[in-house]
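**Q**
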Amino acid sequence: MTITSESSQYRLGDAPGRVPLLGNALKIFKDPLTYLPRLRDQGDVVRVRLGSGTAYMAVTHDVVQEVLHRPRVFDKGGEFIDKMRVILGDGVGTCSVHTHKRQRAFIQPAFQKHKITGYTEVMAKHVAELVDSWRPGQEIDVLAEMSELTTRVTAQAMFSEGDLGTEAIAEVRRSFPVVWKGVFRRMMLPLPVVHELPTRANQDYRQALARLEAVIESMVAAYRADDREHDDILSVLLSARDESGTAMTDLEIRDELMTILAAGVETPASGLAWSLYLTSSHPDVEAKLHEEVDAVLGSRTATAEDFPALPYTNRIVNEALRMYPPVWFITRRAVEDTTLGGHRIPAGSSILFSPYALHRDPTVFTAPDSFDPDRWLPERLRELPKNAVISFSGGSRKCLGDVLANHEMTVALASVTARWRLREKAGHRLKPVPKAELTIGHMPMIVEPRETGKS
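Using this note's numbering, you'd call the opening residue of the sequence shown number 52 and step up by one each time.
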């Protein structure tokens, strides 16, 4: 049933496919990428039954913007965020609105322009090593390769190389993938007793988390002891002060580093994997990309300084993120009785919205299911509503690392495609995998060498 309030232009509806005990949960988790975009047929705000509880899905652009721009009413919260806090603590990505301004001020200096250039150079170095390691005809798992790349880059941005930093980076590369896999299991399976069983997966998760927290603790202690500037994110956090002159506690630093790891590894890895796959499967796009990288790079890999000269490469990255936003499902919690789209929302209600579904709305985007990098041309962007794309969320809670991720992915994509073509392995069928992020899943691809100047 769909209701239009006399006081609201926005429709209130009920999600279809409700079953006893589970409500709409089965439909959502069985095939969310099909189910969620179809909710726009039910209304602008849609009631969703999750077990015995009721959540409210913000479905259309205007209603999602209302959620994003009323952070004191629609605060960080909901099932997913609550489970993320177990691992990420109260970092800038999960903290409440009451501490967010302070947390953001602490971490903002780590993402100043000159810092972004430095981190992008770290990406340039590591992606150059990666493309040098490939051999003609080699089969790679593109997501695994990109995840390893972004883990190395993020770890080095956190802890600069040196006697201690090198060991810390190695431990992050070893432990973080295991921890993040465990985080996803805990988000998707809300049965705490299952996660306490002495299974191999649970043991691996607890051990990896303990190692990761130990390496962060040891690095914080070592940096405090030597009191030197290491030109990395940890140094920025240690020197940060709030308005009263108070420094961050060790726990606050731990939470921010865990948050940076989660955001800095998974989002660019997934975005890069999608960019490579989509480019390889669209010959016209690939030809234009090769034309640009050949003119700018020849057969060398890209540097941070090349970013302004790679506009088409950057449009590919932005379009891949629009079609397959890694953060595909976001939750908030109403902290008081309020309204959304003119409809009453009780305090404590979970508020849901999906960047993936929003980016597929044909009333906002022309041919939303088509891969079209040129929709990012300035003249075409002016045709869209403000903040139509929320690949990095929006409002005051927009991801601090959005510019950095965009630069890193553009430089990496240019470097890979200047040297190699990637081709999907015959017989493999792509299926997007909506986990904690929207990933490309296992995607075997064959690397083929390019001759500069030939598409």
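For every residue, glycine included, the Cβ atom is placed at its ideal position computed from N, Cα and C.
Touching or not, the segment 135–148 and the segment 305–325, by the rule of three or more beta carbon pairs under 8 Å?
**A** yes
**Q** Going by Cα to Cα distance, which pick from 121, 451 and 92 is closest to residue 389?
**A** 121
**Q** Which complete beta strand (DSSP E) runs does the segment 329–386 hold, if anything under 3 residues is left out?
**A** 381–385
**Q** Run through DSSP, which three-state label would residue 98 get?
**A** Of the three classes helix, strand and coil, the one that applies to residue 98 here is strand, per DSSP.
**Q** Could you check whether residue 210 and residue 455 sit closer than 8 Å to each other, using their CB atoms as the reference points?
**A** Remark: C-beta atoms of residue 455 and residue 210 do not approach each other more closely than 8 Å.
**Q** What did DSSP end up calling residue 433 once you bin it into helix, strand or coil?
**A** Note: residue 433 maps to coil in three-state DSSP.
**Q** Assuming contact is defined by CB atoms lying nearer than 8 Å, are residue 323 and residue 174 in contact in what I supplied?
**A** no
**Q** Is the distance from the Cβ of residue 398 to the Cβ of residue 387 below 8 Å?
**A** yes
**Q** Counting beta carbon pairs with one atom in the segment 259–277 and one in the segment 217–237, are three or more of them shorter than 8 Å?
**A** Judged by Cβ distances under 8 Å, the segment 217–237 makes contact with the segment 259–277, as three or more pairs qualify.
**Q** Which residue spans inside the segment 193–276 form an unbroken alpha helix (DSSP H) run of at least 4?
**A** 193–209, 214–239 and 243–247
**Q** What three-state label does DSSP hand residue 161 in the structure shown?
**A** helix
**Q** Closest to residue 333 by CA distance: which of 498, 472 and 320 is it?
**A** Minimum Cα distance to residue 333 is reached at 472.
**Q** Taking the alpha helix (DSSP H) that residue 61 belongs to, which residues open and close that run?
**A** Per DSSP, residue 61 lies in no alpha helix (DSSP H) segment and is marked neither H nor E.
**Q** For residue 497, which of helix, strand or coil comes out of DSSP?
**A** strand
**Q** With distance defined between alpha-carbon atoms, name the residue in 160, 127, 135 and 171 nearest to residue 150.
**A** 127
**Q** Inspect the beta-carbon positions of residue 201 and residue 315 and report whether they are closer than 8 Å.
**A** Against a cut-off of 8 Å, the Cβ pair of residue 315 and residue 201 comes out as a contact.
**Q** Measuring CA to CA, which of 484, 494, 364 and 464 is closest to residue 478?
**A** 494
**Q** Excluding five sequence neighbours on each side, which residues of the same chain lie with their C-beta closer than 8 Å to the C-beta of residue 118?
**A** 109, 125, 383, 391, 402 and 404
**Q** Would residue 97 pass as a contact of residue 129 if the rule is Cβ separation under 8 Å?
**A** no
**Q** DSSP three-state label for residue 401, please.
**A** strand
**Q** Could you tell me the alpha carbon to alpha carbon distance between residue 289 and residue 296, rounded to whole angstroms?
**A** 12 Å
**Q** Rounded to a whole number of angstroms, what is the C-alpha to C-alpha distance between residue 484 and residue 194?
**A** When rounded, the distance between both Cα atoms is 12 Å.
**Q** May I ask which residues mark the beginning and end of the alpha helix (DSSP H) holding residue 299?
**A** Where residue 299 is concerned, there is no enclosing alpha helix (DSSP H), given that its DSSP letter is neither H nor E.
**Q** Helix, strand or coil for residue 293? Go by DSSP, reduced to three states.
**A** coil
**Q** Grab the span of the alpha helix (DSSP H) containing residue 131 for me, first residue to last.
**A** For residue 131, the uninterrupted alpha helix (DSSP H) run begins and ends at 130–139, by DSSP.
**Q** Quick one: using the 10 Å Cβ neighbour count with 16 as the cut-off for buried, is residue 159 buried or exposed?
**A** Here residue 159 is exposed. Its C-beta has fewer than 16 other C-beta atoms within 10 Å.
**Q** Alpha carbon to alpha carbon, what distance is there between residue 492 and residue 325?
**A** 10 Å
**Q** Quick one: is residue 462 buried, meaning 16 or more other Cβ sit within 10 Å of its Cβ, or exposed?
**A** buried
**Q** Taking C-beta to C-beta, are residue 464 and residue 364 nearer than 8 Å?
**A** In contact: residue 464 and residue 364 (Cβ atoms closer than 8 Å).
**Q** In chain order, what residues of the same chain lie with their CB nearer than 8 Å to the CB of residue 136, ignoring the 5 residues before and after it?
**A** 145
**Q** Could you pull out every residue in the same chain whose Cβ sits closer than 7 Å to the Cβ of residue 450, ignoring the five residues on either side in sequence?
**A** 314, 443 and 444
**Q** Residue 102 and residue 68: beta carbons closer than 8 Å?
**A** no
**Q** I need the DSSP call for residue 443, collapsed to helix, strand or coil.
**A** coil
**Q** State the DSSP-derived secondary structure class of residue 104, mapped to helix, strand or coil.
**A** strand
**Q** Determine the contact status of residue 217 and residue 311, defining contact as a CB-CB distance below 8 Å.
**A** no
**Q** Whole-angstrom Cβ separation of residue 203 and residue 191, contact assumed at under 8 Å?
**A** Actually they do not touch by this definition, with Cβ atoms about 16 Å apart.
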